[in-house]
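Asker: There's a structure below that I have some questions on.
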Amino acid sequence: MSDSQVQLPIIDQPQSNRRGFMKTVGATLGLAAWAAAMKPLLELTEDVNADEFLQNHYRELTAEQKAVVFKRLEEDAKKEYNADVTISDPAPIENVQFGYALNLSVCIGCRKCAEACHIENNHDRASNNSYIRVFEMEMGGIDFEKGNATYDHPVPAPGKYYMPVQCQQCENAPCVTACPIEATWKEPDGIVVVDYNWCIGCRYCEAACPYHARRFNWEKPEIPAEEVNPNQSYLSNRIRPQGVMEKCTFCLHRTREGRLPACLEACPTGARVFGNLLDPDSEIRWVIENKRTFVLKEELGTKPRFFYYFD
Amino acid sequence: MVQAQTPIRSVQKETSVTLSYLGFLRRAAGVATDGKWHFYVWMILLTAIALVGANAWAQQVRDGMILTNMSDHVSWGLYIANFTFCVGLAAGGVMMVIPAYLYDDEEMHQVVIIGEAVAIAAILMATLSVVVDLGRPDRFWHLIPGIGKFNWPLSMLTWDILVLNGYLLINLHIVGYLLYMRYLGKKPNPKWYIPFVFLSILWAISIHTITAFLYCGLGGRPFWNTALLAPRFLASAFVSGPAFIIISMRVMRLTTNFHFSPKPANTLIQIIRVAMCANLLMLFSEIFTLFYSGGSHAASAQYLFFGSHGANGLVPWIWTAMFLNIVGAILFFTPAVLRRGNIRIIACLFCIVGIWIEKGMGLIIPGFIPSTLHEIVEYSPSLIEWKVTAGIWAFGLLVLTVILKLIASVFTDQFPSEASPNQSTLSKENAASAIPAEATS
Amino acid sequence: MKVSAGKTLFTVGLIAISALAAQIYANVEKNVDVETPVRLNQADLFPVNLNAPKLLSHVSTGQIDSDGNPIQLSCQSCHSVRVPDPKNGSQGPLLSFHQDLDFVHGKLVCISCHNPEGSFSNFRLASGQSVEPENLMELCAQCHGPQFRDYQHGSHGGMTGYWDLTKGPRQRNHCIDCHDPHQPAFPQFRPAAGPKDRFPPHHEKGTHE
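Protein chains in written order, with this note's numbering: chain A, 65 to 375; chain B, 906 to 1346; chain C, 102 to 310.
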């Protein structure tokens, strides 16, 4: 029983002094062991800088602060990837709401879209990451349980059709609601973006997303210097840091400049239709008004901006 | 830690409460770190495990979460599983306070403080489990309301942060106040702690309900998207919390002079019996609903209990949990066996481990398998994850040991009281008789 | 018990907080302004360009001249003198040239599209009307109306460039960029590499390749 040992700390009690000394030694040893255990963190210090640590949320940054941040990111890309990149920040276009449609009758499952995404968005080479996952589905239903995203045989295979899935840019996005720190939000043109410098990497959004659209940077992305896409934007395809979430942005660095997204340009069959939902003359509007389109998991009430249809 | 030898000076009446409280804390630190050799062995062992965990975590921060076995398919793993259990433990530790106050069960008051101590340690473990799950712990300040950006009230995670921290503060206040008053030799003023005890009871329910809402609010995860999740969490917390307290009480009885009357333990056992039945009933009705109607909602349950498409990584886990829970429940319903102290501890351990699996590996992981697009990617924790989790438990037990030791010292009057310093010279027998000593086995 | 006042206070507080939270939540619902953009004059827009179809004017004889260059013949060399078989729809009965041609395109015959009146150097519609190369899509559209309609509305056939024609032009594929007129079915080919997941999805043995 410890009680017999627990003596009243009376002044000049020798045992107490010795015990106190032992405790001091113990505490010192403990602190030293603690420092040793935490040593791997020291190896991070060269990557960490105070400016990045103290950087405010993207939407709180003034134009001047943004310029400083973008310059720092460009220097980081040079230092860490030996790539000369420019970081832009295209603003949403007024009266534009982006929408995407995909013709499942035409898609042949060639994964050219996923490949283009991989290159355009500076994804990690080792994991062959892409925001698009193409599912080989069995004819006769839309049953993902019979789907397979890792097929590797000539396409289109008989009896199969193909269903590429990427971010649906939901109007009622569960990921945005989930994020505890507003590191992900919906832009005025409907694109759900992530501030890679604000995200703490809790992955609640990844759990909340019903479409497996979000990706986490489990480690620092590896890209050879010559393969880095130098045309980058802060909210989309710049090389992401380790430990943060990322997602499809409908290539906002392209689409906000009026260009088509990379996945659409890569599509050899024209299964993909992209445009402004507010423009009654746009291709996307024609598809929605004339084709029998559907959205994935409509019952969840997420109101996707990504439509599928068969001819 | 050397403060223990600080000479006691007679404290003038006019000394401010704050200074006096700080003095109490200083002395408490000294007393809590004094003990016999087996106490030091225990503390050193826990420290060593905590350090192994800290080292593993530091590696994970450096090299990325790639060191875990989580993936984009199973994006939460052992850490969040452990978090869920620890929140339950924290809530359960306090919820058994309910009979003490609502029904004016005087003898239960004795274990209230133990429950609060368990709650403090469990909340610390829960918080640490979340911190180690962050990809960017360096950006933790983004979560601080007012300084960062706090997505309240939309994000359930912000609610969880608020209630968990609030709960920690409330319990620190209650434990600190009760010990301090005892230390001063005064009778605690009900005004200063009874409202907080009531608050902590409501708060205990809220922390576990909100933690359940964290999962069941996600429409894309049918396995979690059930209204039964919060009641199930509460029921299982009513088992794990009291079970943990029973073990704590036994350890205290074996290692200190702090003695308990058998009545609180019996009340705790009653609570466990009812709660375990409610938990198993809800688990059963969940399983029935899933399997009888079938369809894609049952896919996760199918994978969890029987395996699916040739993958069956969680099957051993869940059946172990079922076995432990059912045997634990049977033991709790067999009074003849339960009277033996060791069997009682075994029954408690069975229930604790069973619920740890059921709420963790058996609830968090299958929420991700199959994925939202019905891909089956399996998960089993990596060595780093085990090390970090063990480290968190070691740290939690370290904190719990210190608090319980303090409680034992104060309540057996071995702790120098400022009001009556002579009290500390009370003989062992006298100290023990402060509370009627009654061996329960 | 003494604490009833505290309990009441707490309950009232809880209700107040809930009401406040509900209020905040209601305000969070955001409204998206739906405004029809100003219609632009067609002349202000950048063009949508079509890939020009590559047409054959010569055919290889398989022989090499004294300089080592392949000898090619123009269509007219033969077709100006030979009488076409209106019923022929395969390479089988042909005596020379087009021997390696695989023809799998419904029940069409050569002269369904190739115009014998111009010595097979141009095309004709089912009505017999001659088609200029730049309007070749009309020929396909005779049968493939729905595809042509979809194409016109941007939902069939690959493209690059700008979705917003006020900012830049667009380049579009021609039917025959992807569909060989003689065997128009899109050929099977190996897809680009799939995801290299660290933990690949589990598939039952035998059900997937």
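Even glycine gets a Cβ: it sits at the ideal position worked out from N, Cα and C.
Bear in mind the structure is a predicted one, so any value in this text is a computation, not a measurement.
I'd like the span of the beta strand (DSSP E) that includes V198 of chain A, first residue to last.
Answerer: First-last of the beta strand (DSSP E) with V198 of chain A: R197 to E202.
Asker: Report the three-state DSSP secondary structure of V133 of chain C (helix, strand or coil).
Answerer: Only weak support exists for where V133 of chain C lies, its pLDDT of 47 falling under 50; the value from the coordinates is given anyway. The answer is coil: DSSP assigns V133 of chain C none of H, G, I, E or B.
Asker: So is R318 of chain A buried or exposed if we call it buried at 16+ other beta carbons inside 10 Å?
Answerer: By the neighbour-count rule (16 or more Cβ atoms within 10 Å), R318 of chain A is buried.
Asker: Quick one: Cα of L1331 of chain B to Cα of T1317 of chain B, how far?
Answerer: The pLDDT assigned to L1331 of chain B is 37, lower than 50, so where the model puts this residue is not dependable; a value taken from the coordinates is nonetheless given after this. The alpha-carbon atoms of L1331 of chain B and T1317 of chain B are separated by roughly 9 angstroms.
Asker: State the beta-bridge partners of R323 of chain A as determined by DSSP.
Answerer: Paired residue(s): C:Y263.
Asker: Using the DSSP secondary-structure output, state which residues sit across from L166 of chain A in a beta bridge.
Answerer: Paired residue(s): A:R336 and A:Y372.
Asker: What did DSSP end up calling A286 of chain C once you bin it into helix, strand or coil?
Answerer: In the structure shown, A286 of chain C sits in coil (DSSP, three-state: anything other than H, G, I, E or B).
Asker: Where in the segment 1007-1076 of chain B do unbroken runs of the alpha helix (DSSP H), each at least 4 residues long, occur, reported from the N-terminal end onward?
Answerer: Listed in chain order, they are 1014-1036.
Asker: By DSSP's criteria, T150 of chain A is part of a beta bridge. Which residues make up the other side?
Answerer: Partner(s): A:N295.
Asker: Have a look at A:F370, A:E329, A:S346 and A:K284 and flag the residue whose alpha-carbon is nearest the alpha-carbon of R1041 of chain B.
Answerer: Closest option to R1041 of chain B, Cα to Cα, is A:K284.
Asker: If you scan the segment 263-288 of chain A from start to end, which runs of the alpha helix (DSSP H) of 4 or more residues do you find wholly inside it?
Answerer: Those alpha helix (DSSP H) runs which fall completely within the segment 263-288 of chain A and span 4+ residues are 268-272.
Asker: Using a beta-carbon distance below 7 angstroms, is K1054 of chain B in contact with chain A?
Answerer: Answer yes: the Cβ-Cβ gap between K1054 of chain B and chain A drops below 7 angstroms somewhere.
Asker: Taking the alpha-carbon positions, what's the S222 of chain C to K250 of chain A distance?
Answerer: Going by the C-alpha atoms only, they are around 57 angstroms apart.
Asker: Go ahead and label E1011 of chain B buried or exposed: buried means 16 or more other beta carbons lie within 10 angstroms of its beta carbon, across all protein chains shown.
Answerer: By the 10 Å Cβ count, E1011 of chain B comes out exposed.
Asker: Tell me which same chain residues have a C-beta within less than 6 angstroms of the C-beta of L1084 of chain B, skipping the five on either side of it?
Answerer: Contacts found: V1315.
Asker: What's the gap between the Cα of E157 of chain A and the Cα of V308 of chain A?
Answerer: Checking the displayed sequence, the identity of residue 157 of chain A turns out to be Ile instead of Glu. Computed Cα separation, rounded: 27 angstroms.
Asker: For I275 of chain A, count the other beta carbons within 10 Å of its own beta carbon; 16 or more makes it buried, fewer makes it exposed. Which is it?
Answerer: According to the sequence displayed, residue 275 of chain A carries Tyr and not Ile. That one is buried.
Asker: State the start and end residues of the unbroken beta strand (DSSP E) segment that holds R271 of chain C.
Answerer: Segment R271 to R273, the beta strand (DSSP E) holding R271 of chain C.
Asker: Who are the neighbours of R299 of chain C on chain B, taking C-beta pairs under 7 angstroms?
Answerer: Per Cβ cutoff of 7 angstroms: S976.
Asker: Within 10 angstroms of the Cβ of P73 of chain A, are there 16 or more other Cβ atoms? Answer buried if so, exposed if not.
Answerer: Only weak support is given to the placement of P73 of chain A: the predicted model assigns it a pLDDT of 46, under 50, and the question is left unresolved by the model.
Asker: Can you tell which of C:K188, C:G255, C:D201 and C:P292 has its C-alpha closest to the C-alpha of V149 of chain C?
Answerer: Comparing Cα-Cα distances from V149 of chain C to each of C:K188, C:G255, C:D201 and C:P292, the minimum goes to C:G255.
Asker: Could you tell me whether the segment 227-246 of chain A touches the segment 257-273 of chain A, where touching means 3 or more Cβ pairs closer than 8 angstroms?
Answerer: Contact holds: three or more Cβ-Cβ distances are below 8 angstroms.
Asker: Pair every Cβ in the segment 1139-1147 of chain B with every Cβ in the segment 1165-1183 of chain B, then say whether three or more of these pairs are closer than 8 angstroms.
Answerer: Because the criterion of three Cβ pairs below 8 angstroms is met, the segment 1139-1147 of chain B and the segment 1165-1183 of chain B touch.
Asker: For a minimum of 4 consecutive residues, which ranges assigned as the alpha helix (DSSP H) are wholly contained in the segment 1095-1166 of chain B?
Answerer: With a minimum length of 4 residues, the continuous alpha helix (DSSP H) runs that stay inside the segment 1095-1166 of chain B are 1095-1121 and 1134-1160.
Asker: Near L1185 of chain B, what residues of its chain come up, given a Cβ to Cβ distance below 7 angstroms and the 5 sequence neighbours on each side ignored?
Answerer: N1230 and A1234, listed in sequence order.
Asker: Should A153 of chain C be flagged as near chain A, meaning a C-beta pair shorter than 7 angstroms?
Answerer: Answer no: the Cβ-Cβ gap between A153 of chain C and chain A never drops below 7 angstroms.
Asker: Suppose you measure from the CA of R197 of chain A to the CA of P228 of chain A; what does that come to, to the nearest Å?
Answerer: Cα to Cα, R197 of chain A sits roughly 6 angstroms from P228 of chain A.
Asker: State the DSSP-derived secondary structure class of H206 of chain C, mapped to helix, strand or coil.
Answerer: In the structure shown, H206 of chain C sits in a strand (DSSP, three-state: E or B).
Asker: What residue range is occupied by the uninterrupted beta strand (DSSP E) comprising P228 of chain A?
Answerer: Here the beta strand (DSSP E) through P228 of chain A covers K224 to V229.
Asker: Could you name the residues of the same chain whose beta carbon sits closer than 6 angstroms to that of N274 of chain C, not counting the 5 residues immediately before and after it, in chain order?
Answerer: Only N152, G258 and G259 meet the Cβ criterion.
Asker: Within a Cβ cutoff of 8 angstroms, which residues of the same chain sit near F1163 of chain B, ignoring the five residues on either side of it in sequence?
Answerer: These residues qualify, in order along the chain: M1157, I1312, A1313, F1316, T1317 and I1340.
Asker: Taking just the CA atoms, how far does M86 of chain A sit from W1222 of chain B?
Answerer: Spanning the two alpha carbons is a distance of roughly 44 angstroms.
Asker: How about L1039 of chain B and I264 of chain A: are their beta carbons less than 7 angstroms apart?
Answerer: It is a contact, given that the beta carbons lie within the stated cut-off.
Asker: Taking the alpha carbon of G1218 of chain B as the reference point, which residue from B:R1244, B:T1172 and B:G1267 has its own alpha carbon closest?
Answerer: When each option's Cα is compared against that of G1218 of chain B, the closest is B:G1267.
Asker: Beta carbons nearer than 7 angstroms to chain A: which residues of the segment 957-982 of chain B have them?
Answerer: Result list: A959, N960, A963, Q964, V966, R967, D968, G969, M970, I971, D977, S980 and W981.
Asker: Specify the secondary structure class of M1187 of chain B as computed by DSSP and reduced to three states.
Answerer: If DSSP states are grouped into helix, strand and coil, M1187 of chain B belongs with the helices.
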